[in-house]
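See below for the structure under consideration.
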Ligand SMILES: NC(=O)c1ccc[n+]([C@@H]2O[C@H](COP(=O)([O-])OP(=O)(O)OC[C@H]3O[C@@H](n4cnc5c(N)ncnc54)[C@H](O)[C@@H]3O)[C@@H](O)[C@H]2O)c1
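Numbering (my numbering), first residue to last: 992 to 1315.
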């Protein structure tokens, strides 16, 4: 089987690569290394099953050739992370929407219908904080002329592109609404909370909680996530579908900070930072994000293997090895 992974040198993408190389599949990665790392690509150099193109999807001149080769496409490339979104909201819109459209056009031109897995986000549900978010719920664009919303808007646009291409060209497409994914190789630099807390706890520095800490998230280990993606792609004969992928254990950010401190046996204290100080500008956080996983479980046979504690322990050990 031939697998194309855009954004395959990134966090989730590199785990997708792991999974398919382990199955003996041929994997082609296209990544501009804007947030991905060369280390995530280099680890496979020398493996004859692996090919890497350091290229921007917006300008990559062999996009049609590469799309035509694939039996399955994971489109994970995107501008992500709160810091990057606030820093350059125009890039979010340009990259996320135009790159997705260019890729789908290339897939459609091939006359071959690979299974396409498109990365969306739980952010398409907007500000809803009333419990389980279901795939049948309305997608919400939050009022307010805030550049922060360029990210969920780009993901809603990608979903619309997926629906349109599936409808017009009969391409089987699965839209993945990722809830917070965590695990090895994720970096805290662009605003991801778990790697940041782990680094702070191991260093004995204060853990900085943005806002009041009562906002909640549901975290899923990336090694579970990629198993779900693989199984969902296998069911792509179902046509077009949107599926929440995550874990439904919900935890407040304040409790997460306490948990990381406890697991690290750290003396770190917790410090609260208002959003303005954290991001350098006013920021509207989403208070609660909790997925309904009914559809995911009805379509897949994978059960979560990693608890939040497992992932945190793993990350703590990793940071200790790197810094020790
Ligand atoms: N990690 C999460 O919790 C989460 C949550 C919701 C949605 N997602 C989505 O999942 C996907 C993967 O996210 P991730 O967490 O692995 O982030 P990541 O930043 O590690 O991965 C994105 C990758 O895309 C590459 N990229 C960006 N623009 C590109 C372009 N124009 N051309 C080629 N490559 C480009 C980056 O270099 C990076 O390697 C993204 O689409 C993201 O929006 C992730």
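Ideal Cβ positions, reconstructed from N, Cα and C, are used throughout, including at glycine.
Computed from a predicted model, the values in this text were never measured in an experiment.
Reducing DSSP to helix, strand and coil, say where residue i ends up.
i, result
"residue 1134", "coil"
"residue 1043", "strand"
"residue 1028", "coil"
"residue 1162", "coil"
"residue 1175", "coil"
"residue 1298", "coil"
"residue 1242", "strand"
"residue 1219", "helix"
"residue 1285", "helix"
"residue 1235", "strand"
"residue 1261", "strand"
"residue 1201", "strand"
"residue 997", "strand"
"residue 1017", "strand"
"residue 1209", "strand"
"residue 1307", "helix"
"residue 1156", "helix"
"residue 1187", "helix"
"residue 1113", "helix"
"residue 1002", "helix"
I'd like to check one pair, residue j with residue i: are the Cβ atoms closer than 9 Å?
i, j, result
"residue 1145", "residue 1235", "no"
"residue 1307", "residue 1200", "no"
"residue 1174", "residue 1297", "yes"
"residue 1163", "residue 1246", "no"
"residue 1216", "residue 1242", "no"
"residue 1176", "residue 1005", "yes"
"residue 1128", "residue 1116", "yes"
"residue 1110", "residue 1029", "no"
"residue 1261", "residue 1182", "no"
"residue 1045", "residue 1032", "yes"
"residue 1302", "residue 1231", "no"
"residue 1108", "residue 1160", "no"
"residue 1186", "residue 1139", "no"
"residue 1086", "residue 1040", "no"
What do you get for residue i, buried or exposed, if any count of 16 or more other CB atoms within 10 angstroms of its CB means buried?
i, result
"residue 1103", "exposed"
"residue 1285", "exposed"
"residue 1019", "buried"
"residue 1157", "buried"
"residue 998", "buried"
"residue 1190", "buried"
"residue 1273", "exposed"
Keeping to the same chain, check which residues put their C-beta closer than 6 Å to that of residue i; ignore five residues upstream and five downstream.
i, result
"residue 1042", "1019"
"residue 1100", "1055"
"residue 1169", "1112, 1236"
Between which residues of its own chain and residue i is the CB-CB distance below 8 Å, once the five residues before and five after are set aside?
i, result
"residue 1062", "992, 993, 994, 1105, 1106"
"residue 1283", "1123, 1124, 1125, 1126, 1235, 1239"
By Cβ distance, which residues of its chain are closer than 7 Å to residue i, with the 5 residues on each side in sequence left out?
i, result
"residue 1287", "1219, 1234, 1235, 1236"
"residue 1098", "1058, 1064, 1105, 1107, 1162"
Could you check whether the Cβ of residue i sits closer than 9 Å to any Cβ belonging to chain C?
i, result
"residue 1134", "Although the question refers to chain C, the structure presented lacks it and comprises just one protein chain."
Margin query: Could you tell me which whole beta strand (DSSP E) segments of length 3 or greater appear in the region 1038 to 1099?
Written below: 1041 to 1045, 1063 to 1066
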